[in-house]
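For the record, the sequence lines run as chains A and B.
According to my numbering, the first sequence is numbered sequentially starting from 1.
According to my numbering, the second sequence is numbered sequentially starting from 1001.
Number of protein chains: 2
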Amino acid sequence: MSDPRPIGVFDSGIGGLTVVKALHELLPNENIFYLGDTARVPYGGKSAVTVERYSLEMTDMLADEDVKIIVIACNTASSLALPKLEKTLSVPVIGVIKPGAEAAIAVTRNRHVGVIGTRATIKSSAYERALRSFEPKINISARACPLLVPLIEEGWLDDDLTDRVIARYLTPLVAEGIDTLVLGCTHYPLLNGAIARFLGDKVKLVDSAGNCARAVEELLNRQLLRAPAENSGVLEVALTDAPDSFLRVAREALKLEIDQVQLREVLHPSPR
Amino acid sequence: MSDPRPIGVFDSGIGGLTVVKALHELLPNENIFYLGDTARVPYGGKSAVTVERYSLEMTDMLADEDVKIIVIACNTASSLALPKLEKTLSVPVIGVIKPGAEAAIAVTRNRHVGVIGTRATIKSSAYERALRSFEPKINISARACPLLVPLIEEGWLDDDLTDRVIARYLTPLVAEGIDTLVLGCTHYPLLNGAIARFLGDKVKLVDSAGNCARAVEELLNRQLLRAPAENSGVLEVALTDAPDSFLRVAREALKLEIDQVQLREVLHPSPR
């Protein structure tokens, strides 16, 4: 049994391409349809109600592309909208929170895990809940880092100023004694190098992208949804607004081959 | 003749409150209705088509509040949507670009003006066009500064890191020889102190807010639209998404009295 339909990947913008990169490396024969809501990016400072509504609109659009599963490659949307999406969508849905939390539990030795993300992700406590579902007594230090995404979008990936902002955000977490840090935003793997430079080998990094890709592989295997082995995976990218300079940054940093970017207007479905 | 209807003020988010502050100081008896599109903020990285559509939706909502004039307290929306808004709306519309450009022309001595703003504002060249409409041979150095808004929203207004980012952005403009700098984003007056610290007295600052308020005063006088002299101006604030921490930052920095914030859902009018 095999299923050639694409994997649908949704993100608030361009950052979810780090998940696409991880998916493509792990599952090179899968087709991927990526939808980024660049007309309303970022979600990270917005309310739960608004993020849930946007996520529903976007995943409805993905469902229309006849995708076999949907990956929520956005920590904010995973944090705030996953329960509703799981209830509403007719295809399986995978977020980035649970795979990241599970990986952190496997990595930590001192049972003290740090989590960084957008304001909305941290405020939602979604990682805390996921981590505690695996290990109720885990110690957690969480911090919103709203400047990291704009620094990444500016392309200042290896830059003294970015290093200083990282130090400002992470110093308190290190002082509190974390030995593992979850990068709870799909943009952040682009700062892997800078963050690791600051943390040295005291603290291990766990990113959403790789762990989410492994969760997708497992789900496809379990549900017999893998693409034919002879297929060479194609990536299609659609955005709700014209691509800006950050698409170039991401493309270069991730070495992703993206042909033409499609433009899609946001559909406003009738209220449920 | 007097007109008690409110002045409608529209911004992509919270930054336009700097314009409200300037309006309220200059015209303390005017009522103000402020509408911030926090559900889709920021506009600064989005395309012209999208910014124009959002601006039309928001100003339609303001028109429904029976405002007597509309102030586009957002440089990005003023840059990209003003011509369309002027054609569409039945009340007078004032943006922030022309008043800022006019003030810069009055201030510069060496005829070399710097302009900073969001990516979309700078890309639109709206300030260049406005400056050249007053003085065709003016010298202009323009630069997008996409990190300043997130730094302001983080509340790092007097901060070594913010000073370094400002130095990074402004050093080339100073080297090119500007003697006047237009703060082409309504957030930026919150960094007045930090920017002036870097520039010293070599370069004069021109902000959109104060000059826009003076243009509003002139228009109200000309069209006999001033509020009754005995009126004590009331400020109403409506947002398209729940207010986040930045509302607190702006409120404190600007010392603005805002009672309850109203929530409004974005209306999607039929295409024109």
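Ideal Cβ placement from N, Cα and C applies to all residues, glycine included.
Relative to the C-alpha of residue i, which residue among the options is closest?
i                       : options                           : result
residue 1078 of chain B : B:1102, B:1121 and B:1050         : B:1121
residue 178 of chain A  : A:140, A:160 and A:169            : A:140
residue 1106 of chain B : B:1196, B:1234, B:1180 and B:1187 : B:1180
residue 42 of chain A   : A:55, A:208, A:136 and A:31       : A:55
residue 335 of chain A  : A:2, A:196 and A:25               : Residue 335 of chain A cannot be examined here, being either before or after the span of chain A that is shown, 1 to 272.
residue 2 of chain A    : A:223, A:236 and A:237            : A:223
residue 110 of chain A  : A:137, A:133 and A:87             : A:137
residue 1117 of chain B : B:1032, B:1092 and B:1146         : B:1146
residue 1227 of chain B : B:1051, B:1174 and B:1067         : B:1067
residue 58 of chain A   : A:175, A:12, A:244 and A:185      : A:12
residue 1231 of chain B : B:1020, B:1007, B:1028 and B:1010 : B:1028
residue 169 of chain A  : A:123, A:158, A:201 and A:115     : A:115
residue 1152 of chain B : B:1265, B:1133, B:1047 and B:1014 : B:1014
residue 39 of chain A   : B:1050, B:1064 and B:1032         : B:1050
residue 104 of chain A  : A:88, A:123, A:131 and A:91       : A:131
residue 257 of chain A  : A:237, A:243 and A:172            : A:237
residue 45 of chain A   : A:175, A:123, A:248 and A:65      : A:123
residue 1188 of chain B : B:1034, B:1134, B:1087 and B:1250 : B:1250
residue 1194 of chain B : B:1215, B:1065, B:1163 and B:1171 : B:1163
residue 108 of chain A  : A:133, A:8, A:202 and A:247       : A:202
residue 1129 of chain B : B:1099, B:1247 and B:1158         : B:1099
residue 1158 of chain B : B:1196, B:1247 and B:1113         : B:1196
residue 1176 of chain B : B:1247, B:1112, B:1220 and B:1087 : B:1112
residue 1221 of chain B : B:1069, B:1034, B:1060 and B:1061 : B:1069
Contact check, residue i vs residue j under 8 Å by CB: the rounded distance?
i                       : j                       : result
residue 126 of chain A  : residue 94 of chain A   : With 8 Å as the limit, residue 126 of chain A and residue 94 of chain A do not qualify as a contact, their Cβ atoms being about 14 Å apart.
residue 205 of chain A  : residue 183 of chain A  : 6 Å
residue 1161 of chain B : residue 165 of chain A  : 6 Å
residue 23 of chain A   : residue 213 of chain A  : 5 Å
residue 1261 of chain B : residue 1239 of chain B : 6 Å
residue 198 of chain A  : residue 167 of chain A  : 6 Å
residue 19 of chain A   : residue 253 of chain A  : Not a contact, Cβ separation roughly 14 Å.
residue 1032 of chain B : residue 1233 of chain B : 7 Å
residue 1063 of chain B : residue 1089 of chain B : 6 Å
residue 80 of chain A   : residue 72 of chain A   : About 10 Å; that fails the 8 Å criterion.
For residue i, count neighbouring C-beta atoms within 10 Å of its own C-beta (all shown protein chains included) and say buried if the count is 16 or more, exposed if not.
i                       : result
residue 30 of chain A   : buried
residue 271 of chain A  : Since pLDDT at residue 271 of chain A reaches only 46, below the 50 mark, its modelled position is unreliable, and no value is offered.
residue 207 of chain A  : buried
residue 1218 of chain B : exposed
residue 1075 of chain B : buried
residue 1036 of chain B : buried
residue 1273 of chain B : Missing from the structure shown is residue 1273 of chain B; chain B here goes from 1001 to 1272 and no further.
residue 142 of chain A  : buried
residue 1241 of chain B : buried
residue 119 of chain A  : buried
residue 1053 of chain B : buried
residue 1006 of chain B : buried
residue 4 of chain A    : exposed
residue 1021 of chain B : buried
residue 186 of chain A  : buried
residue 47 of chain A   : buried
residue 101 of chain A  : buried
residue 10 of chain A   : buried
residue 172 of chain A  : exposed
residue 134 of chain A  : exposed
residue 244 of chain A  : buried
residue 1215 of chain B : buried
residue 8 of chain A    : buried
Hey, could you find the ends of the beta strand (DSSP E) residue i is sitting in?
i                       : result
residue 1143 of chain B : 1139-1144
residue 1034 of chain B : 1032-1036
residue 1014 of chain B : From DSSP, residue 1014 of chain B is part of no beta strand (DSSP E); its letter is neither H nor E.
Since residue i is in the alpha helix (DSSP H), which residue starts that stretch and which ends it?
i                       : result
residue 19 of chain A   : 17-26
residue 1273 of chain B : Since the first and last residues shown for chain B are 1001 and 1272, residue 1273 of chain B lies out of range.
residue 1041 of chain B : No alpha helix (DSSP H) holds residue 1041 of chain B; DSSP gives it neither H nor E.
residue 61 of chain A   : 48-63
residue 149 of chain A  : 148-153
**Item:** Segments assigned alpha helix (DSSP H), at least 4 residues, entirely inside the stretch 1071-1122 of chain B
**Value:** The stretch 1071-1122 of chain B contains these whole alpha helix (DSSP H) runs: 1075-1088 and 1097-1107.
**Asked** Enumerated in chain order, which unbroken segments of the alpha helix (DSSP H) with a length of 4 residues or greater are wholly contained in the stretch 176-263 of chain A?
**Response** The qualifying runs are 192-199, 208-222 and 245-254.
**Message:** Along the stretch 1044-1055 of chain B, where does the CB come closer than 7 Å to a CB of chain E? Name the residues.
**Reply:** Although the question refers to chain E, the structure presented lacks it and instead comprises the protein chains A and B.
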